[in-house]
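In what follows, a structure is listed as structure tokens, so that the remarks can point back to it.
2 protein chains.
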Amino acid sequence: MGYSDFTGEFNYSIDSKNRVNIPSRYRKTMNEENVCEVVISKGFDSNHIDVYPLPKWITLRDKITASMQLVNRVHRNFIRQFTQNASHCTLDSQGRIMLTPKLMEMAGIKTNGNAVIIGMIDFMEIWDPEELKKHEENTPLTDSDFEKLEQLPLI
Amino acid sequence: MGYSDFTGEFNYSIDSKNRVNIPSRYRKTMNEENVCEVVISKGFDSNHIDVYPLPKWITLRDKITASMQLVNRVHRNFIRQFTQNASHCTLDSQGRIMLTPKLMEMAGIKTNGNAVIIGMIDFMEIWDPEELKKHEENTPLTDSDFEKLEQLPLI
DNA sequence: TATAATTACCCATAATTACCCACAAATCTA
DNA sequence: TAGATTTGTGGGTAATTATGGGTAATTATA
Chain A
858 MGYSDFTGEF
868 NYSIDSKNRV
878 NIPSRYRKTM
888 NEENVCEVVI
898 SKGFDSNHID
908 VYPLPKWITL
918 RDKITASMQL
928 VNRVHRNFIR
938 QFTQNASHCT
948 LDSQGRIMLT
958 PKLMEMAGIK
968 TNGNAVIIGM
978 IDFMEIWDPE
988 ELKKHEENTP
998 LTDSDFEKLE
1008 QLPLI
Chain B
858 MGYSDFTGEF
868 NYSIDSKNRV
878 NIPSRYRKTM
888 NEENVCEVVI
898 SKGFDSNHID
908 VYPLPKWITL
918 RDKITASMQL
928 VNRVHRNFIR
938 QFTQNASHCT
948 LDSQGRIMLT
958 PKLMEMAGIK
968 TNGNAVIIGM
978 IDFMEIWDPE
988 ELKKHEENTP
998 LTDSDFEKLE
1008 QLPLI
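Protein sequences, first through last, are from chains A and B. For the first sequence, position 105 matches number 962 in the numbering used here, and the numbering has no gaps at all. For the second sequence, position 19 matches number 876 in the numbering used here, and the numbering has no gaps at all.
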């Protein structure tokens, strides 16, 4: 995944064909690494869309499949849920991707509406502006959240 | 099995000849690896159909025969269940396969009805839309499932 | 072996998608 | 500041995809 450093927040429109623009700075990074394909998927919180540049997706996928067994029912269910809402997109020559109706519905994103793209270092999130606002109001990081994070060898 | 990365969920119709389309992206992957044959079989959960590209089937089969003992009754039963309902299909020139009446019945898939194909990375599942909905309602991944997954060296 | 049923192979078509071009707004450069 | 370039957005068209159905070849059945 090299040196992707997706940061910031961008406002774009969803056109009549359900296309969204990918921030040009992100595109440049991906270009330098010859990546023109991403995988969009349901975010773990389900009310937004995750966008993984292909190499990032592959490592994610491999980590998950490596520890999963096909004969294990829970594992099968997890893989299914994990891949079910994931779909490969190729950036068009204008640097856009086309969202799927199902993911749009999950995220509350509407045709001819708007969307916010947020950089998450090595992947992105696509939010409906309203949903994002709600999320920010409802789930600020608490002191106890930070305490939990302190226990990880993070920062 | 190379680099198959079957993801996503697709809705297709079952025609009067019990044919289903295989998603074109999956076909492309198989084509690149010169695979035009799959094995359809009863899924381990029994209420859907598994579709294995031939090479995947072969490795699965070999793993099973290598670790199973014919003198063990449970093993025999497993092998029987595993192969009994497995049947080889060749994709037609339109990229479709023909399902067998027996597997269709097991999965609740009806002639002239609909079916959902789900990518499972290196194989696929075919579901009756109703059965899938039921399954999703009955077996959602819980918070505790996710907590268990967090303990894996995953993400 | 003759006949019926099934399957493989082919062609046709509507809907969808990928690809291309265009242009206005914003940003950069000299 | 003026011109050039980049960026975001819209839309037209060719190509692909999903689906239906006809017919010859194959298989099963009596």
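Note that the Cβ used here is the ideal one computed from N, Cα and C, for glycine as well. All figures in this text were calculated on a predicted structure; none of them were measured in a lab.
- For His992(A), the enclosing alpha helix (DSSP H) stretches over residues 986–995.
- Considering only Asp985(A), Pro880(A), Arg933(A), Met925(A), the residue with the shortest C-alpha distance to Asp907(B) is Arg933(A).
- One thing to note: Ile975(B) has its Cβ no nearer than 8 Å to the Cβ of Val895(B).
- With respect to the 8 Å criterion, Glu890(A) and Val973(A) are not classified as neighbours on the basis of their beta carbons.
- Residue pairing for Pro910(B): DSSP places it in a beta bridge opposite Val895(B).
- Non-local C-beta neighbours of Arg876(B) in its own chain, meaning closer than 6 Å and more than five positions away in sequence, comprise Arg953, Met955, ordered along the chain.
- In this structure, the alpha-carbon of Trp914(B) lies about 11 Å from that of Thr940(B).
- Taken through DSSP and simplified to helix, strand or coil, Phe939(B) comes out as helix.
- Taking a C-beta cut-off of 8 Å against chain A, the contacting residues of the segment 883–905 of chain B are Phe901, Asp902, listed in chain order.
- As a beta-bridge residue in DSSP terms, Ile983(A) pairs with Ile906(A), Ile974(A).
- Interface with chain A (8 Å Cβ-Cβ cutoff): Glu994(B) is excluded.
- Proximity of Arg918(A) to chain B, defined by a Cβ-Cβ separation below 8 Å, is satisfied.
- For Glu866(B), the enclosing beta strand (DSSP E) has its first and last residue at 866–870.
- Contact with chain A is found for Met977(B), since one of that chain's Cβ atoms lies less than 8 Å from the residue's Cβ.
- Spanning the alpha carbons of Asn888(A) and Ser881(A) requires a straight line of approximately 10 Å.
- For Gly970(B), same chain residues with a beta-carbon under 8 Å away, outside a window of 5 residues either side, are Ser870, Ile871, Asp985 in chain order.
- In the three-state reduction of the DSSP assignment, Met925(B) falls in the coil class.
- Residue contact check for Ile936(A) against chain B: a CB pair falls below 8 Å.
- The three-state reading of DSSP puts Phe1003(A) in helix, counting H, G and I together.
- As the crow flies, the alpha-carbon of Tyr860(B) is around 15 Å from that of Thr916(B).
- For Ile954(B), DSSP records a beta bridge to Val877(B).
- Its Cα nearest to that of Tyr909(B), the residue Glu982(B) stands out among Lys920(B), Leu927(B), Glu982(B), Arg937(B).
- The continuous beta strand (DSSP E) containing Ser944(A) extends over residues 944–947.
- Residue contact check for Asp985(B) against chain A: no CB pair falls below 8 Å.
- By the C-beta density criterion, Lys899(A) is buried, having at least 16 other C-beta atoms within 10 angstroms.
- Leaving aside the five residues that flank Ser950(A) on each side, none in its chain has a CB nearer than 8 Å to its CB.
- Taking all protein chains in view, the Cβ of Phe980(A) is crowded by 16 or more other Cβ atoms within 10 Å, so the residue is classified as buried.
- Between Ser944(A) and Thr864(B), the gap from beta carbon to beta carbon is short of 8 Å.
- Between Lys991(B) and the set Asn904(B), Val892(B), Lys874(B), Ile936(B), the nearest pair of CA atoms involves Asn904(B).
- Using a Cβ-Cβ cut-off of 8 Å, Ser1001(A) does not count as an interface residue toward chain B, since no Cβ of chain B sits closer than that to its own.
- When C-alpha distances from Lys920(B) are compared across Lys920(A), Gln926(A), Asp919(A), the shortest belongs to Gln926(A).
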